[in-house]
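Notes to accompany the following structure.
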Amino acid sequence: MPFHTIHLEFTGEIAMITLDRPEKRNAITAEMIGELLAAFSEVEASTARVLILTGAGKAFCSGMDLDALKALAEQSPSEQREDADRLARLFLRIWSFPKPTIAAVNGHAIAGGCGLATQCDFTVAVPEAKFGYPEVRIGFLPAVVSVFLMRQIGEKRTRELLLTGRTIDAAEAHRIGLVTQIVPAKELMIAVQILAATLLEGSPISLHMTKKLLCDFALPEIARELELAATGSAQIRTREDFREGLASFLEKRKPRWGK
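Dropping the structure here:
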């Protein structure tokens, strides 16, 4: 199918999805989520054995698109729940994808963009990349990502990142387990291709069954937790702090929180 917000290409047994909105720092829209889900299905049905996810331009992904954020305040409760469920489906799809996945993080990965980068099996980043979940600073809830982040870096570090909303550099992200490898920008795609080649040396059925086993261990709990996360994500959008946080973010001012 034709894509407008991403680019999909195949080279031998390697598929590459590129987030392709460089003028918007590859910000996420509902259209992009739909196209990513479609692209993942296309890769799964193909002969490709490894999937690489990267971003066009200087950023990997800056999070939600500003126009999409503006629209959130006007959504009905059912639309807000649908929006939360859509993101949950995407993160679950990346996390449970049956073929090995590699994120080539070429720049900042913030909020939902950080989620995209870290759901992959491997996250290879440039030293200049920044990572973080600033949702609490603007009245949002980092709900969906928390389900997976707890398993990646542990409860204490998850609480510290999500409750402070601070941004961390690639070195710290590597130290706490969000990033697998750091390489200079000019060597990023070389390192990712070497990693992909290493994965291609493994047995296809063994790789598939290993991923399935690892996912099956956690899937029942993750399904339950994603339901709670999507509910919480939709609920916070009815609160005054959400509206004030969204307005302050769009107006580039400090929020005036209620008591």
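In the working numbering, the protein residues as written are 1 to 259.
Cβ coordinates follow ideal geometry from the N, Cα and C atoms, glycine included.
Looking at the unbroken alpha helix (DSSP H) that takes in residue i, where does it start and where does it end?
i: GLU9; result: First-last for GLU9: 6 to 11, but that is the beta strand (DSSP E), not the alpha helix (DSSP H).
i: VAL179; result: Per DSSP, VAL179 belongs to no alpha helix (DSSP H) and is neither H nor E.
i: ILE205; result: 204 to 236
i: ASP241; result: 240 to 251
i: MET32; result: 30 to 45
i: GLY55; result: Not the alpha helix (DSSP H): GLY55 falls in the beta strand (DSSP E), residues 50 to 55.
i: PHE91; result: 77 to 96
i: ALA197; result: 188 to 200
i: ASP67; result: 66 to 72
i: ALA117; result: 112 to 119
Below 8 Å on the Cβ atoms is my guess for residue i versus residue j; work out the distance and round it to an integer in Å.
i: VAL192; j: VAL124; result: 5 Å
i: PHE148; j: GLY113; result: So it is not a contact: roughly 14 Å between Cβ atoms.
i: GLY139; j: PHE10; result: That belief does not hold up - the Cβ atoms of GLY139 and PHE10 are roughly 41 Å apart, past 8 Å.
i: ILE33; j: LEU90; result: 5 Å
i: THR5; j: LEU51; result: So it is not a contact: roughly 17 Å between Cβ atoms.
i: ALA230; j: ALA103; result: 23 Å between Cβ atoms; not a contact.
i: SER141; j: GLY232; result: For the sequence presented, residue 141 should be read as Leu rather than Ser. Indeed they touch by this definition, with Cβ atoms about 6 Å apart.
i: LEU72; j: ILE94; result: Going by Cβ atoms, the distance from LEU72 to ILE94 rounds to 22 Å, so no, they are not a contact pair.
With burial defined as no fewer than 16 other Cβ atoms inside 10 Å of the residue's Cβ, what is the status of residue i: buried or exposed?
i: ALA197; result: exposed
i: ARG99; result: One detail in the question is off: residue 99 reads as Lys in this sequence, not Arg. Buried, by the Cβ-count rule.
i: PRO2; result: exposed
i: THR238; result: exposed
i: THR118; result: buried
i: ILE205; result: exposed
i: LEU250; result: exposed
i: ALA88; result: buried
i: ALA39; result: buried
i: THR210; result: exposed
i: ARG256; result: exposed
i: GLU135; result: buried
i: GLU74; result: exposed
i: LEU163; result: exposed
i: LEU226; result: buried
i: LEU292; result: This structure cannot settle anything about residue 292, because the visible part of the chain is limited to 1 through 259.
The beta strand (DSSP E) with residue i in it runs from where to where?
i: ALA104; result: 101 to 105
i: VAL144; result: VAL144 -> not in any beta strand (DSSP E); alpha helix (DSSP H) instead, spanning 143 to 153.
i: ALA136; result: Reading off the sequence, residue 136 comes out as Val, not Ala. Here VAL136 belongs to no beta strand (DSSP E), and DSSP marks it neither H nor E.
i: ALA125; result: 122 to 125
i: ASP169; result: 167 to 169
i: MET16; result: 14 to 19
Hey, out of the options, whose CA is closest to residue i's CA?
i: THR47; options: CYS114, VAL136, ILE14 and ASP169; result: ILE14
i: GLU155; options: LEU141, LEU207, GLU135 and ILE176; result: ILE176
i: ALA234; options: LEU36, GLN80 and GLN75; result: GLN80
i: PRO127; options: ALA185, LEU163, LEU141 and LYS70; result: ALA185
i: GLY260; options: VAL43, HIS174 and ARG25; result: The shown model of the chain, from 1 to 259, leaves out residue 260, and the question about it has no answer.
i: ARG224; options: HIS7, PRO77, GLN75 and LEU92; result: LEU92
i: VAL179; options: SER76, LYS252 and VAL105; result: VAL105
i: LEU195; options: ARG49, ALA45, SER41 and ARG25; result: ARG49
i: PHE97; options: LEU37, ARG137 and PRO77; result: LEU37
i: GLY165; options: ILE182, ARG137 and THR158; result: ARG137
i: GLU221; options: GLU201, ARG157 and ARG151; result: ARG151
i: SER76; options: ARG253, HIS7, ARG159 and ILE236; result: ILE236
Cβ of residue i within 7 Å of any heavy atom in the ligand COA?
i: PRO100; result: Ligands are entirely absent from the displayed structure, and the ligand COA is therefore not among its contents.
Nearest chain B C-beta to residue i closer than 8 Å, yes or no?
i: SER203; result: Among the chains of the structure shown, chain B does not appear; only one protein chain is present.
*Take every Cβ of the stretch 106 to 122, pair it with every Cβ of the stretch 79 to 86, and state whether three or more of those distances are shorter than 8 Å.*
Judged by Cβ distances under 8 Å, the stretch 106 to 122 makes no contact with the stretch 79 to 86, as fewer than three pairs qualify.
*Are there three or more Cβ pairs, one per stretch, closer than 8 Å when the stretch 232 to 246 is compared with the stretch 118 to 133?*
no
*asked:* Could you check whether the stretch 65 to 76 touches the stretch 24 to 41, counting it as contact only if at least three pairs of C-beta atoms, one from each stretch, sit closer than 8 Å?
replied: yes
*Is the number of C-beta pairs between the stretch 131 to 147 and the stretch 168 to 175 that are closer than 8 Å three or more?*
By the C-beta criterion, the stretch 131 to 147 is judged to be in contact with the stretch 168 to 175, since at least 3 inter-stretch pairs fall below 8 Å.
_Three CB pairs or more closer than 8 Å across the stretch 50 to 59 and the stretch 5 to 24_ = Output reads yes: the stretch 5 to 24 touches the stretch 50 to 59.
_Would you call the stretch 182 to 192 in contact with the stretch 208 to 228, where contact means no fewer than 3 C-beta pairs closer than 8 Å?_
no
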